[in-house]
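Residue numbering for the sequence shown follows the UniProt record's numbering, beginning at 1 and increasing consecutively. Even glycine gets a Cβ: it sits at the ideal position worked out from N, Cα and C. Here is the structure we will look at.
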Amino acid sequence: MMKQAQNIWTMLDEMADNNPQAYRKFIDKHMKEGKEYMKPPEPHMCVMTMITSTKRRYFINFCSWNKIPEPKTPDDAIPVMGTPVLHDKDDNGDFTYSGVAFNPKILEEFGIDCKNSMDRNSLINLAIDYIFNQNKITLSRSFTILPSKSKSKGNLPVLQKAFQGLNKNADQEFDEHLSEMEKTFGLQGCGAKDSLLNKLAHMSTEDNEQDKNAPNIQLPGLGKEQPKKQNLIQEIDPSNQIHDAELKVPEYSLEEIHKEENLEKLVLTVKLPGVHKVSECELDISEDDIDLTVQDRYHLNLSFHYLINDSIASAKFNKSDSSLVINLPIQT
1 MMKQAQNIWT MLDEMADNNP QAYRKFIDKH MKEGKEYMKP PEPHMCVMTM
51 ITSTKRRYFI NFCSWNKIPE PKTPDDAIPV MGTPVLHDKD DNGDFTYSGV
101 AFNPKILEEF GIDCKNSMDR NSLINLAIDY IFNQNKITLS RSFTILPSKS
151 KSKGNLPVLQ KAFQGLNKNA DQEFDEHLSE MEKTFGLQGC GAKDSLLNKL
201 AHMSTEDNEQ DKNAPNIQLP GLGKEQPKKQ NLIQEIDPSN QIHDAELKVP
251 EYSLEEIHKE ENLEKLVLTV KLPGVHKVSE CELDISEDDI DLTVQDRYHL
301 NLSFHYLIND SIASAKFNKS DSSLVINLPI QT
């Protein structure tokens, strides 16, 4: 990779000698790009759920970060980086939180402004899977997206430092090499060495990808217009480890039915493409959660903020659209 970096700087040195005006234009352009690239992760969306074992509030901070590459094609892995689990408190007591960072274009397409709620929910569920794989924390899939004015929860500077700390050693190494090259090739201007960090980081990602043999996390398809395409989520962390999720999380929607001002029941609708009969589904309903498994295909586990009257809960499978509709009366 550093050989490739050397080639870039050699090219710039030749450009400076042969065409100073083009050289300055090139450097100014990449200085601007470098400043944009070096920005910390920016909050995009915050989702509130809870840890199923303790019922403690958990906030997932979705962040937009230029350091996270975008997939080259719809079939490629979706790179993501996550912070360690953090803790804080507010007027309602203690809570836990963490961050997941995606390329800005991923969040533009599937984030808070996504017109297709199923696509947005799929991205959120994938983040929940990622947090489980990374931290072994099981989160409820009954979640709430905070209003757009509340883009983050927790200590934002601490969260941003947690992201940047994951690549601290790599950034320092790049900085040292580029500073030395800057002196060697005589580049002028503050930030010149940072301006090409994007290219070098991209090379590093490609080199690491060639050495990886670990399996990818399988993600459900995002978007009804491309049902045949599959998306992958790729964890970016210091060890470049990628975890395997054996079963897909099916698309679902959860609706609250009120009678006057009181919550009467929850209606959970689960899309199960490829499932043709109810006997293929294993469904377990308790007073505070639901567990649905379709062998070798799907798994869905949801915890609820309300107590369910599981003795009179019911489910109906619709063959026409391969969906399972589950009625969950609330305890009175």
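Continuous alpha helix (DSSP H) stretch holding residue i: start and end
i: E108; result: 104-110
i: D119; result: 117-135
Range of the contiguous beta strand (DSSP E) that encloses residue i
i: A315; result: 314-318
i: residue 406; result: The structure shown has nothing for residue 406, since the chain only spans 1 to 332.
i: I290; result: 289-294
i: N327; result: 323-329
i: I257; result: 252-259
i: N301; result: 298-303
Sequence-distant residues of its chain with Cβ nearer than 7 Å to residue i (five each side left out)
i: K161; result: none
i: P43; result: N61, C63, K151, S152, L156
i: Q188; result: Note that Q188 has pLDDT 45, beneath the 50 cutoff, so the model's placement of it is unreliable and no number is given.
i: Q226; result: Note that Q226 scores 43 on pLDDT, short of 50, meaning its location in the model is unreliable; the coordinates nonetheless yield the value given after this. Within the same chain, Q226 has close Cβ partners P74.
i: F143; result: V47, M48, T49, I124
i: N327; result: K265, V267, A313, S314
Contacts around residue i, its chain only, beta-carbon distance under 8 Å, and the 5 residues preceding and following it disregarded
i: residue 342; result: Outside the modelled stretch of the chain, which goes from 1 to 332, sits residue 342, for which no answer is possible.
i: D321; result: K271
i: G274; result: R297, S322
i: E14; result: none
Cβ neighbours of residue i in the same chain (closer than 6 Å, five flanking residues each side left out)
i: E282; result: T293
i: D284; result: D291
i: G99; result: N61, C63, T83, L159
i: M118; result: E251
i: K224; result: Only weak support exists for where K224 lies, its pLDDT of 41 falling under 50; the value from the coordinates is given anyway. So the list is empty, once near-sequence residues are dropped.
i: Y306; result: I330
i: P20; result: none
i: W65; result: P41, A101
i: P104; result: S64
Test item: CB-CB of residue i and residue j under 8 Å
i: V278; j: F317; result: yes
i: E247; j: R297; result: With the sequence shown as reference, residue 247 is identified as Leu, and Glu is not the correct amino acid for it. Taking 8 Å as the Cβ cut-off, L247 and R297 qualify as a contacting pair.
i: R57; j: M48; result: yes
i: R141; j: I128; result: yes
i: L107; j: G154; result: no
i: M11; j: I145; result: no
At least three beta-carbon pairs within less than 8 Å, the stretch 256-272 to the stretch 121-136: no
Contained beta strand (DSSP E) runs [length at least 3] in the stretch 35-66, N- to C-terminal order: 42-50, 57-64
The stretch 103-114 contacting the stretch 130-140, beta-carbon criterion three pairs below 8 Å: no
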